[in-house]
Amino acid sequence: NITVRSDRQQPAPQTVAIDLCEGRGAGLSQATAGQTSSFQVYLRDEYGIPLAQADASGIITVEGLDAEPSEQRESGAYVFTYRVDVAGTRNVSIRVFGVEIPDSPFSLSVDPGIISAANSSVLSLSSVGAVQRFKVEGRDEHGNTIPTLSCNSFRASSATSDAPITAASVRVSQGSGPEAGSCIVSV
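Structure (structure tokens):
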């Protein structure tokens, strides 16, 4: 009989210290509707050393977004990507083994995308003699209202008349009061 005895101790398995885990990246605070954004989650051990697990699913969960891990980097970062179509503010919680990491939940502000003529609207406000007033409400391709619409980028044309509309005959102003966030076009 041969008995093998070893006095060597096996290294202890690395464990995740949730209070040292971290969420980073612009995609945890700011995004634009319709565009892909990302952020990183770092798992760390009790000494703050990044841990690279084989698979983050079941370990890291994200609530408030439909975010999936897209890659794992050598730095121990798990990159999560997502796309949001609805503008507004939302809370994003990151949990490791069901426990929120420090600074979670994160407040994410989603801005509207670029203006879409197909989704924007023009409403007739009033008609006094030959002067017509229209309210232009800008929306992006997902229907989000663009609250800071730039009124300097409008051109006027007529679908019902051959008479040209000259720049001198068009006045565009920023709406105020109940018309805030829109442009008032007087022709």
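For the sequence shown, the numbering used here gives the first residue as 151, with consecutive numbering after it. For every residue, glycine included, the Cβ atom is placed at its ideal position computed from N, Cα and C.
For F189, the closest of D195, Q180 and P200 by C-alpha to C-alpha distance is Q180.
S243 is bridged by DSSP to E213.
In this structure, the straight-line span from the alpha carbon of E218 to that of Y232 is close to 7 Å. Nearest Cα to G198 within the set E172, G238, S187 and D216: E172. Listed in chain order, the non-local C-beta contacts of A202 below 6 Å within the same chain comprise G226, local neighbours out to five positions each way being set aside.
Rounded to the nearest whole angstrom, the C-alpha separation of G175 and E196 is 23 Å. Within the same chain, P262, I265, S266, N269, S270, S271, T295 and I296 come within 8 Å of R289 by CB-CB distance, once the 5 residues on both sides are set aside.
Linking N241 to E224 through their CA atoms gives a straight-line distance of about 28 Å.
Beyond the five residues adjoining it in sequence on each side, I209 comes within less than 8 Å, by CB distance, of V166, L193, Q203, V246 and F247 in the same chain, given in chain order.
Annotation: I168 to D253 spans about 12 Å, alpha carbon to alpha carbon. Taking each of G184, G177, L258 and Q222 in turn and checking the Cα distance to D235, the smallest one comes out for G184. Excluding its 5 nearest sequence neighbours in each direction, Y228 has C-beta neighbours in its own chain below 7 Å: Q190, V191, A206, I210, P219 and Q222, listed in chain order. About 6 Å separates the beta carbon of L258 from that of L178, a gap short enough to meet the 8 Å contact definition.
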